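Asks:
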Amino acid sequence: MKRSTICVALPLALLSLAGCSSDNSATGASPAPNATAGESPAPAVADHTPGQTPGNADQGDAKVTKCEVTPNGVEIAVDIKNTTEQKRMYILTGVAYDSDKKPVASAAVMVDAVDPGASGSGTGRSTGAVEGDVICEVTQIESMPQ
């Protein structure tokens, strides 16, 4: 039952996010955690320890590579390393926090077809407008074998 729910939910989630991000280019220059929109100092990076599936299988290591306030929300880019022995697809939740450490936005980041030992990247964008400085981190990692 759980697998069939994921099989239905994943394509629906992918379709809903297909039109959310029009810019998929990665420049390597990312705003700092305390940068406002338009600034590009040092990269905003947050590490996440390996997530666990209910069966205690190691899922991967994730790192935020971009955390940028845009006119349409917060854009969050993530790299994930597959630390399992199976090809996997990932859905990560990225959360943006304001200077008071309060969550102000979240975005789903999907990374498909990551081979064992390899890394993949993806970008997600929140749907609400955000103002001011933010810092982003990965708060949840979900994955399933392909």
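Note that the sequence shown covers residues -25 to -1, 1 to 121 in mature numbering (1 follows the signal peptide of the UniProt record, and there is no 0). All C-beta atoms in this analysis are idealised placements derived from N, C-alpha and C, irrespective of residue type, glycine included. Just so it is clear, the structure is predicted and the values come from calculations on it, not from any experiment.
1. Which of the three DSSP states is assigned to residue 76 in this structure?
2. First and last residue of the beta strand (DSSP E) that includes residue 115?
3. Expressed to the nearest angstrom, what Euclidean distance is found between the alpha-carbon atoms of residue 112 and residue 60?
4. Within the 8 Å Cβ cut-off, does residue 60 reach chain B?
5. If you count every other CB in all the chains shown that lies within 10 Å of the CB of residue 41, and 16 or more means buried, which is it?
6. So, is residue 43 buried or exposed, given that buried needs 16 or more other C-beta atoms within 10 angstroms?
7. Cutting at 6 Å between CB atoms, please list the residues of its own chain near residue 82, excluding the five before and the five after it.
8. Quick one: what's residue 50 bridged to in DSSP?
Replies: According to the structure shown:
1. coil
2. 110 to 120
3. 26 Å
4. Any reference to chain B falls outside this structure, which holds one protein chain only.
5. buried
6. buried
7. 51, 69, 99, 100, 101
8. 43, 100
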